[in-house]
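Residue numbers (the working numbering): 262 to 483. C-beta atoms are modelled at their ideal positions from N, C-alpha and C, and glycine is treated no differently.
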């Protein structure tokens, strides 16, 4: 097991009670006649954990604030469901995607429903600033996806374009985790948002490098 995985498991152990409650709430969402992809229940929960760690250190982590962590993970889940439809993916983390198993129509509606539920959980905290952060995040994620779809392969290889796309598609959710936590603990939102952005970019670069080298090992051209 990699050192990073050991470290992540140690953190998860410290927050296991909150993570357990988060998993229960997420499963309840998918039990509302919405199909749950297997990969959703096996995620790392990095974004939610980032939020939890900050709030725990300020003694603000409780069942009410946990609603924001649930919102973060559901927003992430809805984006993955829609990404799989756009990319026509059949598997994610070795598990069948919703579009493979049930078709695009069911997958689109499920993704839409999960997105609405993520907004519902964000709204449970009754804070307009957090809702504003949610809207900004959702908008940036869509902008990143649209940019990736509309440009040429050559354009995607440019460094500036790469960072623009991952800043919107990936880092936005980390920004939401950090900015919403800053609002709750009454810290500088701009500074926290920037920290989240940098963490999200670093995470995506590492993830892309791992995928690249895995493909080389398998003899695939990427």
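With contacts defined as CB atoms closer than 8 angstroms, residue 396 and residue 365 fail to qualify as a contacting pair. Residue 353 has 356 as its beta-bridge partners, per DSSP. When C-alpha distances from residue 318 are compared across 357, 350, 291, 275, the shortest belongs to 275. Excluding five sequence positions before and after residue 343, the CB atoms of its chain that fall closer than 7 angstroms to its own CB belong to 372, given in chain order. Sequence-distant Cβ neighbours of residue 431 in its own chain, meaning closer than 6 angstroms and more than five residues away, are 461, 465.
One Cα belongs to residue 370, the other to residue 457, and the distance between them is close to 30 angstroms. Apart from sequence neighbours up to five positions away, the residues of its chain that approach residue 436 with a beta-carbon distance below 7 angstroms are 398, 454, 457, 458, 461, ordered along the chain. A Cβ-Cβ separation of about 4 angstroms places residue 438 in contact with residue 312 under the 8 angstroms criterion. Counting the other CB atoms within 10 Å of its CB gives residue 278 a total below 16, which places it among the exposed residues. In this structure, the CA atom of residue 363 is about 10 angstroms from the CA atom of residue 357. Annotation: the region 381-416 contains the following complete segments of the alpha helix (DSSP H) (minimum length 4 residues), in chain order: 389-411. Burial of residue 333 is indicated by the presence of at least 16 other C-beta atoms within 10 angstroms of its C-beta.
For the pair residue 444 and residue 388, the CB atoms are nearer than the 8 angstroms cut-off.
Note on residue 414: under 16 other CB atoms within 10 angstroms of its CB, so exposed under the neighbour-count rule.
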